[in-house]
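Worksheet: one structure, shown below.
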Amino acid sequence: DVKVTQSSRYLVKRTGEKVFLECVQDMDHENMFWYRQDPGLGLRLIYFSYDVKMKEKGDIPEGYSVSREKKERFSLILESASTNQTSMYLCASSSTGTARISPLHFGNGTRLTVT
Amino acid sequence: AQTVTQSQPEMSVQEAETVTLSCTYDTSESDYYLFWYKQPPSRQMILVIRQEAYKQQNATENRFSVNFQKAAKSFSLKISDSQLGDAAMYFCAFPPSRLNNDMRFGAGTRLTVKP
């Protein structure tokens, strides 16, 4: 089974701090994604990457950046955390393979609180 | 804009009964995929079922089936013989791009199963 591991389940940070959310997948997937989940809004795509050192903006990239130095790892960075970034963050990965569109495999999520 | 709409924030069903969750979407593409994901209270999102738009036959996975109406851009999920373990958030999703795997999600429907 594909395993997508997010480094923290719960995180509490102060306004203005730099925050790193780490995600690692063990199935050699090309594609990796960061979503933010808020009640009533579903999942919104922040950034995604389809190859090492490649990144694409999603629907809500403002206030975030990402890093993909290795294929298995995709980091989400909050340069200066703000209270409106308090949310659940979900990492996901998928393969390209023979199927043009493959399902996503998700991590357990990181509940980030910014105070 | 490519959008996904789930108009039912909450639904409930009696154990062993059938429930249908609605989803509509908007796309200008003719060939695409649609997905239903489930997020149980433990939070890890998992794939429930997938439909390819060019296939006229509705997808089925055990107790889960879809009613895909391409002209109406409707993609509903039917759960038969509901079980307590079906209680979860359900998200409809599709990748608007034909080239990438960046999936977009609806706001979700919270399903409660009553014993």
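Going down the list, the sequences are from chains A and B. The numbering of the first sequence is this note's numbering, which starts it at 1 and goes up by one. The numbering of the second sequence is this note's numbering, which starts it at 1 and goes up by one. C-beta atoms are modelled at their ideal positions from N, C-alpha and C, and glycine is treated no differently.
DSSP places residue 84 of chain B within a helical segment (H, G or I) once states are collapsed to three. Residues of chain B with a Cβ closer than 7 angstroms to the Cβ of residue 41 of chain A are, in chain order, 107.
Annotation: residue 48 of chain A to residue 67 of chain A spans about 10 angstroms, alpha carbon to alpha carbon.
In terms of Cβ geometry, residue 114 of chain B and residue 18 of chain B do not form a close pair [threshold 8 angstroms]. Per DSSP, residue 112 of chain B is one residue of the beta strand (DSSP E) stretching across 109-114.
Taking 9 angstroms as the cut-off between beta carbons, the residues of the region 69-97 of chain A near chain B are 88, 90, 92, 94, 95 and 96, in sequence order. Rounded to the nearest angstrom, the gap between the Cα atoms of residue 108 of chain A and residue 93 of chain B is 18 angstroms. Ranked by how close their Cα comes to the Cα of residue 23 of chain A, the residues A/16, A/4, A/57 and A/77 have A/4 in first place. Here the alpha carbons of residue 85 of chain A and residue 55 of chain B stand approximately 40 angstroms from one another. Taking residue 71 of chain B as the centre and dropping the five residues before and after it, the same chain places no C-beta closer than 7 angstroms to its C-beta.
Boundaries of the beta strand (DSSP E) around residue 4 of chain B: 3-5. No Cβ-Cβ contact shorter than 8 angstroms links residue 29 of chain B with residue 48 of chain B.
In terms of beta-carbon proximity, residue 57 of chain B stays away from the interface with chain A, with every pair separated by 8 angstroms or more. Using beta-carbon distances, residue 21 of chain A does not count as an interface residue toward chain B, since no partner is under 8 angstroms.
Apart from the 5 residues on each side of it in sequence, residue 87 of chain A sits with its Cβ closer than 7 angstroms to the Cβ of 36, 37, 38 and 112 in its chain, given in chain order. Neighbours of residue 104 of chain A in chain B, taken as residues whose beta carbon is under 7 angstroms from its own, are 103 in chain order. Excluding five sequence positions before and after residue 94 of chain A, the CB atoms of its chain that fall closer than 7 angstroms to its own CB belong to 29, 31, 102, 103, 104 and 105, given in chain order.
Scanning A/43, A/8, A/89 and A/63 for the CA closest to the CA of residue 109 of chain B turns up A/43.
Take the alpha-carbon of residue 43 of chain B and the one of residue 83 of chain A: they are about 22 angstroms apart. Distance check between residue 19 of chain A and each of A/58, A/81, A/74 and A/90 places A/81 closest, using alpha-carbon atoms only. Within chain A, no C-beta atom comes nearer than 8 angstroms to that of residue 64 of chain B; the closest sits roughly 14 angstroms away.
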